[in-house]
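> Got a structure for you, questions after.
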Amino acid sequence: MRALAGDTARAKFEADIRKLPMADTRSLEARRPERPLSPHLQIYRPMLTMMMSIAHRITGFGNYFGMLLLAWWLIAAASPNGYARFEWFAGSWIGRLILFGYTWSVIHHMLGGIRHLIWDTGRGLGPSEREWLAAANLIGSIAITVVLWIFVLLMMGGSQ
Amino acid sequence: MSGPQHIRTPLARVLGRGAAKSGTEHFWRQRLTAVANIPLTIAAIIIIITLLGRNQAAVAQILGSPAIAIIMLLFIISTTTHMRIGMQVIIEDYVHDESAKLTLLMANTFFTFAVGLAAVFGILKLSFGL
């Protein structure tokens, strides 16, 4: 009789302890009650500052893998055969397209970085200033990239 | 006298876990390398443009010369450091599954070290003519 009472108490204790939040073994995600989500990208009207913020991240992501091309070039420079292979790639239309994109990506990310450094000083955050900076970032990156490529193609055309 | 120690709960005092004192490390290093990257990227672009169209022997000789090699080495080290922190932020923003996140964070470190070291090796090989 006493043993039975003890078992009942134990069963009740075990049932109770399972109700404690810390005994819930489900993930935090599963335990979280349904709450309204904060509005995300699809809610907002696209704006230039927002697009340039996204472009900054995408170009940074692209530059990350572009470093493979730079490493390839530096290693290839040690041997004539290796360098010929790199030059074949760089001269092909797909190679030129990738290198053109890489050039723009690096310059856009650099100008975007300068914009962020200006913001870090507390300047350029006003409504008109930030719009102007975003436009300058985009126009500047395209203009510099195009000018650089025209210069390089003219220079290489002249040397051949 | 009634300083901020009273704000902490007894549990917090027992655990002794305050701030790790390194919260701004990545923030600061990302800006430090960003500032360094501006002149180094401009220099690297100028170096690359002047080398385009030259033959391999000339490219190897110029890239291996001390001043150019040092600029390129600084560029590689500064950018790969910047790359690693930047990609870590992207991974932490978008990958919420714990094991996938840890795997990608490790892969990020492996990739940036490998590509950075490959580029450094390429430059040093040209400089020392091995």
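Sequence order for the protein chains is E and A.
Here the first sequence stands for residues 11 to 170, where the numbers follow my numbering.
Here the second sequence stands for residues 1019 to 1148, where the numbers follow my numbering.
The C-beta atom is built at its ideal place from N, Cα and C for all residues, glycine as well.
Quick check on A146/E - is its C-beta less than 7 Å from some C-beta in chain A?
No, A146/E lies away from the interface with chain A (no Cβ there is under 7 Å from its Cβ).
> Flag Q1106/A as yes if its beta-carbon sits less than 7 Å from any beta-carbon of chain E, otherwise no.
Taking Cβ atoms only, chain E never reaches closer than 7 Å to Q1106/A, which makes this a no.
> Taking 7 Å as the limit between beta carbons, can you name the residues of its chain near R87/E, skipping five residues before and five after?
The residue you asked about is not Arg; residue 87/E is Ala in the sequence shown. Closer than 7 Å at the Cβ level, and outside the excluded window around A87/E, lie Y93.
> In terms of alpha-carbon separation, which member of G1134/A, T1051/A, S1117/A, I1064/A lies closest to L127/E?
With distances taken between Cα atoms, L127/E lies closest to T1051/A.
> Would you report the Cα separation of G123/E and H1044/A, rounded to the nearest angstrom?
Distance between the alpha carbons of G123/E and H1044/A: 16 Å.
> I'd like to know if G90/E contacts chain A, where contact means its C-beta is closer than 7 Å to some C-beta of that chain.
A small fix is needed here, since residue 90/E is Pro in this sequence, not Gly. Yes, P90/E counts as interfacial toward chain A.
> Using beta carbons (cut-off 7 Å, strictly below), is V156/E in contact with chain A?
Not an interface residue.
> Note the first and the last residue of the continuous alpha helix (DSSP H) segment covering K1143/A.
1116–1146 is the span of the alpha helix (DSSP H), which, as asked, contains K1143/A.
> Whose Cβ in chain E lies nearer than 8 Å to the Cβ of A1118/A?
Near A1118/A there are no residues of chain E at all, since even the closest Cβ is about 14 Å away, more than 8 Å.
> Quick one: is D17/E buried, meaning 16 or more other Cβ sit within 10 Å of its Cβ, or exposed?
It counts as exposed.
> According to DSSP, simplified to helix, strand and coil, what is Y54/E?
Three-state DSSP puts Y54/E in coil, outside helix and strand.
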